[in-house]
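Chemist: Those sequence lines, one after another, are chains A and B. In case it helps, full-length UniProt numbering puts the first sequence at residues 1 to 213. In case it helps, full-length UniProt numbering puts the second sequence at residues 1 to 213. The following block contains the structure, expressed as structure tokens.
2 protein chains.
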Amino acid sequence: MPAEPLSRPRIVAAAIDLIEREGADAVSMRRIAADLGVGVMSLYNHVPSKAALLDAVAESVLSEIEFTDDPDADWTDRVRMQARAFRQIAHHYPRCTMVVVSRQLRSTAGLLPVERALATLRGAGFDGAEAVRVLRMFIAYIVGSLLREVGVTPTFAPVHRSEVDTAKVDPVLFPETSSLLPELAACDHEAEFEFGLEMLIQAVAVQRGRRGR
Amino acid sequence: MPAEPLSRPRIVAAAIDLIEREGADAVSMRRIAADLGVGVMSLYNHVPSKAALLDAVAESVLSEIEFTDDPDADWTDRVRMQARAFRQIAHHYPRCTMVVVSRQLRSTAGLLPVERALATLRGAGFDGAEAVRVLRMFIAYIVGSLLREVGVTPTFAPVHRSEVDTAKVDPVLFPETSSLLPELAACDHEAEFEFGLEMLIQAVAVQRGRRGR
DNA sequence: AGCGTCGCACGTACGGTGTACGTCCGTCAA
DNA sequence: TTGACGGACGTACACCGTACGTGCGACGCT
Chain A
1 MPAEPLSRPR IVAAAIDLIE REGADAVSMR RIAADLGVGV MSLYNHVPSK AALLDAVAES
61 VLSEIEFTDD PDADWTDRVR MQARAFRQIA HHYPRCTMVV VSRQLRSTAG LLPVERALAT
121 LRGAGFDGAE AVRVLRMFIA YIVGSLLREV GVTPTFAPVH RSEVDTAKVD PVLFPETSSL
181 LPELAACDHE AEFEFGLEML IQAVAVQRGR RGR
Chain B
1 MPAEPLSRPR IVAAAIDLIE REGADAVSMR RIAADLGVGV MSLYNHVPSK AALLDAVAES
61 VLSEIEFTDD PDADWTDRVR MQARAFRQIA HHYPRCTMVV VSRQLRSTAG LLPVERALAT
121 LRGAGFDGAE AVRVLRMFIA YIVGSLLREV GVTPTFAPVH RSEVDTAKVD PVLFPETSSL
181 LPELAACDHE AEFEFGLEML IQAVAVQRGR RGR
């Protein structure tokens with residue numbers, strides 16, 4: 001009867017679908033089983049626990065990153081491309097992003113981006129310790145940016161929800177904040193992301209130029 | 001009998017204590033009530049729901065930031081100080097950090113840091129749009145950094161857990177990663193935080209110098 | 001062909017969760 | 001004294017993750 005025979009990948013896919021449709025809070029083993037038209041306990045023949053399933057979700061999402069790396073390009077362009085690849089999957093799986101970030105994974109899915117980035121930085125002339133430091137800095141910025149971007153859409157938000165309810169800010173307690181409410185309310189996520197990215201790249205380039213080459 | 005008469009602050013404090021002692025997963029209304037020596041449903045006379053309680057936890061933690069702002073100092077020093085203030089509370093409430101980050105709050109507790117930062121940046125000569133952009137960039141970096149720092153300690157970690165099990169990395173698939181395992185395994189969080197912070201400050205300073213003053 | 005084994009789907013059951021609702025009691029206003 | 005009211009609490013319900021047992025179909029071996 002079941003054309004597809006209930007496998008771990010099918011379960012993970014159902015979980016990702018459910019998270020994207022109804023948010024991470026809606027995830028339950030019973031719900032996933034129902035979506036698959038299957039008994040609850042059947043899931044445990046393929047997944048040891050709910051926590052492991054969420055780990056698998058994170059790994060699966062992360063493994064869908066598409067790197068289009070040009071080895072001949074400038075290292076700054078390669079860094080840009082890799083950073084944008086992260087943002088792209090966060091855009092593709094917005095509700096899953098929090099899940100991915102909140103569980104640190106020790107699998108090979110998260111290792112490939114690290115390898116690529118380290119290779120790029122080493123190729124640009126950074127020594128090992130520098131490459132690791134720079135990589136960590138970029139990751140911190142990217143993770144923080146993506147969290148802001150998807151955090152703005154906790155539930156499906158039809159209206160652009162500002163970072164602060166625009167009416168509630170007391171102008172005498174928070175003069176700057178209230179005078180900048182228009183700027184704070186609007187947020188072009190892509191432009192913001194690119195802005196910080198360029199800042200970091202520029203800073204790294206300056207430091208690289210100062211030392212040695 | 002109860003010397004203290006069960007108030008919302010006492011409930012929030014108990015929740016924070018519990019999170020720091022046993023992690024966010026251990027939080028349940030029954031558990032908090034038990035810790036307070038109180039019936040479960042009594043909590044609902046002061047807190048409308050568990051979600052609201054966690055929001056209150058986030059707000060409470062955030063409101064404990066101690067800013068020691070010197071209006072006469074250089075704007076770079078003031079930015080440094082404000083960034084470190086965030087890191088300090090994340091250090092003080094490591095297990096709560098994920099809770100704070102994962103729920104975006106629209107209360108005044110999160111507004112005061114924003115006001116301070118905007119005032120600092122405006123004072124340094126940035127116009128409104130620039131100040132907001134720069135602030136968002138710093139927040140993204142800080143949030144990402146703190147998540148890495150506390151993510152390394154999901155449960156109480158007696159040993160320094162490396163970002164990747166040092167034995168499992170295939171040297172032919174991941175040559176850079178495996179050759180840099182010592183650097184990847186060790187992480188001086190304060191040094192890493194300061195490194196990225198300096199990079200960002202330097203980049204912002206350069207951009208500010210390029211335009212106008 | 002017959003038989004044993006094994007993998008996997010599934011039902012049941014248990015302890016735990018958030019919280020709606022009703023009850024009771026101590027305190028204060030009139 | 002009495003009335004109202006706020007808060008503490010018990011009970012109850014729907015839902016959760018998952019340990020355990022049962023049954024069934026496919027397959028390997030003799």
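Where a beta carbon is used, it is the ideal one built from N, C-alpha and C, also for glycine. In this text the structure is predicted, and so the values were computed from the model without any measurement.
My understanding is that S107(B) touches E59(B), with C-beta atoms under 8 Å, so please give their C-beta distance in whole angstroms.
Modeler: With a Cβ gap of about 5 Å, S107(B) and E59(B) count as contacting.
Chemist: If contacts are defined as beta-carbon pairs under 8 Å, then A26(A) and M98(A) qualify, I think. What distance do you get, rounded to the angstrom?
Modeler: That belief does not hold up - the Cβ atoms of A26(A) and M98(A) are roughly 13 Å apart, past 8 Å.
Chemist: Give me the subset of the segment 97 to 120 of chain B whose CB atoms are less than 7 Å from a CB atom of chain A, sorted by chain position.
Modeler: Against chain A - using a Cβ distance shorter than 7 Å - the residues of the segment 97 to 120 of chain B are M98, V101, S102, Q104, R106, L111, V114, E115, L118 and A119.
Chemist: Closer than 8 Å between beta carbons: that is the criterion. Which residues of the segment 129 to 152 of chain A meet it against chain B?
Modeler: Cβ contacts with chain B: A129, A131, V132, R133, R136, M137, I139, A140, Y141, I142, V143, G144, S145, L147, R148, G151 and V152.
Chemist: How should G39(A) be labelled, buried or exposed, when 16 other C-beta atoms within 10 angstroms of its C-beta is the threshold for buried?
Modeler: Under this definition G39(A) is an exposed residue.
Chemist: Determine, using beta carbons only, whether V169(B) comes closer than 8 Å to chain A.
Modeler: Cβ-Cβ to chain A under 8 Å: yes for V169(B).
Chemist: Can you give me the C-alpha to C-alpha distance between M41(B) and P94(B), rounded to a whole angstrom?
Modeler: Each residue's Cα considered, the two are about 29 Å apart.
Chemist: Run down chain B in chain order and give the residues with a C-beta less than 7 Å from the C-beta of T177(A).
Modeler: Within chain B, the residues near T177(A) are L111, V114, E115 and L118.
Chemist: Going by beta-carbon coordinates alone, are L146(A) and F86(A) separated by less than 8 Å?
Modeler: It is a contact, given that the beta carbons lie within the stated cut-off.
Chemist: What do you get for R30(A), buried or exposed, if any count of 16 or more other CB atoms within 10 angstroms of its CB means buried?
Modeler: R30(A) should be labelled exposed.
Chemist: Could you tell me the distance, in whole angstroms, from the CA atom of Q104(B) to the CA atom of V172(B)?
Modeler: Q104(B) and V172(B): Cα-Cα distance of roughly 42 Å.
Chemist: Can you tell me whether E149(A) is buried or exposed? The criterion is at least 16 other CB atoms within 10 Å of its CB, across all chains shown.
Modeler: Buried: at least 16 other Cβ atoms inside 10 Å.
Chemist: Please identify the residue among C96(A), R116(A) and R80(A) whose C-alpha is closest to the C-alpha of D55(A).
Modeler: For the residues C96(A), R116(A) and R80(A), the minimum Cα distance to D55(A) belongs to C96(A).
Chemist: Could you give the residue range of the alpha helix (DSSP H) that holds E192(B)?
Modeler: Where E192(B) is concerned, the enclosing alpha helix (DSSP H) stretches over H189 to R210.
Chemist: Anything in the segment 78 to 90 of chain B with a Cβ closer than 7 Å to a Cβ of chain A? List those residues in chain order, please.
Modeler: Hits within the stretch: zero.
Chemist: Applying the criterion that 16 or more other CB atoms from any shown protein chain within 10 Å of the CB defines a buried residue, is T155(A) buried or exposed?
Modeler: Note on T155(A): pLDDT 44, under 50, position unreliable in the model; the coordinate value appears next. By the 10 Å Cβ count, T155(A) comes out exposed.
Chemist: Using 8 Å as the cut-off, can you tell me whether the segment 118 to 131 of chain B makes contact with the segment 120 to 132 of chain A, which would need three or more C-beta pairs spanning the two stretches below that distance?
Modeler: Short answer: they don't touch.
Chemist: Would you check if the distance between the CB atom of E183(A) and the CB atom of A140(B) is smaller than 8 Å?
Modeler: No. Outside cutoff.
Chemist: Comparing C-alpha positions only, which one of P5(A), E4(A) and D35(A) sits nearest to A15(A)?
Modeler: Considering only alpha carbons, the answer is D35(A).
Chemist: Would DSSP call R213(B) helix, strand or coil?
Modeler: The predicted position of R213(B) is uncertain, since its pLDDT is 49 and thus under 50; a value taken from the coordinates is nonetheless stated next. It is coil, neither helix nor strand.
Chemist: Which of the three DSSP states, helix, strand or coil, is assigned to residue 215(A)?
Modeler: Because chain A here runs from 1 to 213, residue 215(A) falls outside it and cannot be looked at.
Chemist: Rounded to whole angstroms, what is the Cα-Cα separation between S162(A) and L6(A)?
Modeler: Here S162(A) scores only 49 on pLDDT, less than 50, and its place in the model is too uncertain to base an answer on.
Chemist: Spell out whether any CB of chain A is found under 8 Å from the CB atom of G196(B).
Modeler: Chain A, which has a Cβ nearer than 8 Å to the Cβ of G196(B), makes this yes.
Chemist: Determine, using beta carbons only, whether V122(A) comes closer than 8 Å to chain B.
Modeler: Checking the sequence, you will find Arg at residue 122(A) rather than Val. Closer than 8 Å to some Cβ of chain B, the Cβ of R122(A) qualifies, so yes.
Chemist: Could you tell me if R210(B) is buried or exposed, where buried requires 16 or more neighbouring beta carbons within 10 angstroms of its beta carbon?
Modeler: The residue is exposed, with fewer than 16 neighbouring Cβ atoms inside 10 Å.
Chemist: Please list, in chain order, the chain B residues whose beta carbon lies closer than 8 Å to that of M199(A).
Modeler: Correct list: M137, L200, A203, V204 and Q207.
Chemist: Comparing alpha-carbon positions, which option in S178(A), R208(A) and F193(A) lies nearest A90(A)?
Modeler: If we check each option's Cα against that of A90(A), F193(A) comes out closest.
Chemist: Counting C-beta neighbours from all protein chains within 10 Å, is the total for V206(A) 16 or more, i.e. buried, or is it exposed?
Modeler: V206(A) is exposed by the Cβ-count criterion.
Chemist: In whole angstroms, what separates the C-alpha of V47(A) from that of V61(A)?
Modeler: So the alpha carbons of these two residues sit roughly 17 Å apart.
Chemist: With a threshold of 7 Å on Cβ separation, who are the neighbours of residue 224(A) within its own chain once the five nearest residues in sequence on each side are excluded?
Modeler: Outside the displayed span of chain A (1 to 213) sits residue 224(A), for which this structure offers no information.
Chemist: Can you give the Cα-Cα distance for R8(A) and L111(A), rounded to whole angstroms?
Modeler: Each residue's alpha carbon lies about 21 Å from the other.
Chemist: Please check if any C-beta of chain A sits within less than 8 Å of the C-beta of F174(B).
Modeler: At least one chain A Cβ lies under 8 Å of F174(B).
Chemist: Nearest CA to the CA of L118(A): which residue from K50(A), G151(A), T177(A) and V79(A)?
Modeler: Minimum Cα distance to L118(A) is reached at V79(A).
Chemist: Determine the contact status of A52(B) and L197(B), defining contact as a CB-CB distance below 8 Å.
Modeler: The answer is no: Cβ separation not under 8 Å.
Chemist: List the residues of chain A whose Cβ lies closer than 8 Å to the Cβ of R180(B), in chain order.
Modeler: One detail in the question is off: residue 180(B) reads as Leu in this sequence, not Arg. The contacting residues are L118, G128, A131 and V132.
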